[in-house]
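The structure appears below as structure tokens.
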Amino acid sequence: MIWGYNTSYLGLFFIVMIFSVVAQFRVNSTFKKYSKFANSRGLTGAEVARQMLNAAGISDVRIERVAGNLTDHYDPSHRVLRLSESVYSSQSVAALGVAAHETGHAIQHAEHYSFLWLRSAVVPLSNIGSNLSIPLVMIGLLINGHLSYYLILAGVLLFSLVVLFTLVTLPVEFDASRRALYTLENQSYLYDTELSGAKKVLTAAAMTYVAAAATAIVNLLRLFSLLSSRNRD
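When the letters of the sequence shown are read in order and numbered with my numbering, they come out as residues 9 to 241.
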């Protein structure tokens, strides 16, 4: 055991960490690259988002500008589509890809997409798991006796909710990107190489969610290893 890790998991842990760093670098570099290419129709991210919402018959979703870079998101509780400064008024291929993706989430919400509903239901449970799982495990490691095992077990079960959230997020994000690319192509918002650029941006973004899920799974394996070790003790 090293730092609470079964040594058999160390190689997997470092591979996942490297994958996470690379995925984050790729999404930033790919977005930056295709932010330099304007779409031939001269549309902004906000304009494409509004047109997609109108085409889907959605009139009660506001579009707002939000500070930051790649801080774009759809807020289902307030029915607000928030686009970052680098997307809202930008005419870049990258901006249209991101705006269409986030609009895809708003359309999922309007259509009661099952995985989006499931993710929303899991969010509060995941937050509890994220806040309490590690403290419970740490307390369990600091004490002896049967209570130690059950505290670690509780931490493992709570962290499983975090893993569940990351896994449920994958189909939600993949579907939003699928909807985005389909609309960008079939409504002729982007053409040929422009569409290819938007696809690369969304693919790079998707890999960050895959990395998050992989990281959560490896950390869960670590916690199971701790639990198994304490059970043998």
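Idealized CB from N, CA, C, for every residue including glycine.
Whether F27 touches A222 by CB criterion (8 Å): yes
Simplified DSSP state of I243, which is helix, strand or coil: Coverage of the chain is limited to positions 9 through 241, which leaves residue 243 absent and any answer about it impossible.
Whether V95 touches A108 by CB criterion (8 Å): no
CB of L104 within 8 Å of CB of G53, strictly: yes
Minimum C-alpha distance to R187 - residue among S92, A63, F22: A63
For E119 and F33, the rounded distance between their alpha carbons: 33 Å
Under 8 Å between C-beta atoms of G148 and G163: yes
Buried versus exposed call for R127 [16 or more other C-beta atoms within 10 Å across all chains shown]: buried
Span separating the alpha-carbon of H81 from that of L229: 30 Å
8 Å Cβ cutoff met for V226 and F173: no
Three-state class that DSSP yields for M9 in the structure shown: Note that M9 scores a pLDDT of 42, beneath 50, so its modelled location is shaky; the value from the coordinates is reported in the next line. M9: coil per DSSP, three-state reduction.
Length of the line joining the Cα atoms of V101 and G112: 17 Å
Pick from L78, E202, S67 that is closest to R87, judged by C-alpha positions: S67
M9 burial status per 10 Å Cβ neighbour count (16 or more: buried): The predicted model places M9 with a pLDDT of 42, which falls under 50 and marks its position as unreliable; any figure quoted below should be read in that light. Exposed: under 16 other Cβ atoms inside 10 Å.
Through-space distance from R238 to Q99, alpha-carbon basis: 57 Å
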